[in-house]
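The block underneath contains the structure these notes are about, expressed in structure tokens.
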Amino acid sequence: MHRSISYGASVNGTPLQVILPKDGTVEYLLLAAHHGDEPETTVALSSALRSVPPENLKSAVILVANPDGLMLGTRGNANGVDLNRNFPTSDWGTIPIRYRWTMDSPRDVELSPGSTGGSEPETQALIKLVKEISPKAIITLHAPLDCIDDVNGSELAQWIASHTELPIVRDVGYPTPGSFGTWAKENNQNLITFELGNQSIETSRARFEETLVKLLMADVDCS
Ligand SMILES: [Zn+2]
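My numbering applies: residue 9 is where the sequence shown begins, and numbers increase by one.
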């Protein structure tokens, strides 16, 4: 069994769980389902985790960063906040986020960035955890843009891109104020967004499992 601890609680009181390496030293932090409507990220990451023996796990793992959203079937948390726009950054703002429920529907879903940057308990807990474990890089799984996004174009991002055959991009082409990535940049923390594609969960799992396993075991031949 992997060792997991609670690093906080969601709006609805669900424990936020992080799985930690047995020896306590953390290479990377991998997290999934920061958006509750992206369960394929949890499937891909949990499947990879099951093939890593606990003694070989070198990274911290959050399988569901937004448990209320996942349980309610919503992108945001139980307050309707897009957690990936809720970080206390210099560009955080009050403009609502317009989103669409499916790739074919109009952008008529409004999500809130929160009452202030860092207003949500899920955001506060994640920031506290990152500061405590100080990972060499954060790899956050999203969908469905099918790319590796890293403002720094780091060696690790290039390694992930070459192993997954995904293109590497420096930004997603639209503003993302208050995002986890911007917070990381402003706090000197490397963050790579790993965007799964618009494809079946099983295809994503098969396509990315080997790379995710290597990241979990820190079996990565770059700095
Ligand atoms: Zn997402």
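Ideal placement from N, C-alpha and C gives every residue a C-beta, glycine not left out.
- A residue is called buried once 16 or more other Cβ atoms fall within 10 Å of its Cβ, and Ala-169 is buried on that count.
- Proximity of the beta carbon of Glu-173 to ligand 1 is not indicated: no heavy atom of the ligand is located closer than 6 Å.
- For Glu-140, the enclosing alpha helix (DSSP H) stretches over residues 129–141.
- The alpha-carbon of Pro-129 is positioned some 10 Å away from that of Asn-74.
- Counting along the chain, the unbroken beta strand (DSSP E) around Ile-200 starts and ends at 199–205.
- Cβ neighbours of Val-117 within its own chain (closer than 8 Å, five residues either side excluded): Arg-83, Arg-106, Tyr-107, Arg-108, Trp-109.
- The Cβ atoms of His-171 and Thr-219 sit closer than 7 Å to each other.
- Closest in C-alpha terms to Leu-38, from the list Leu-53, Glu-48, Gly-44, Lys-30, comes Leu-53.
- The C-beta of Asn-20 has fewer than 16 other C-beta atoms within 10 Å across all chains shown, which makes the residue exposed.
- Contact check for Leu-24 and Ala-133: beta-carbon distance about 5 Å, within the 8 Å limit, so the pair qualifies.
- For the set Gln-207, Ser-162, Glu-46, Leu-153, the Cα lying nearest the Cα of Ile-146 is the one of Ser-162.
- Here the distance from the Cβ of Glu-194 to the nearest heavy atom of ligand 1 is not below 6 Å.
- Taking 6 Å as the cut-off, the C-beta of Glu-128 does not count as close to any heavy atom of ligand 1.
- Distance from the CA atom of Ile-176 to the CA atom of Ser-123, rounded to whole angstroms, is 33 Å.
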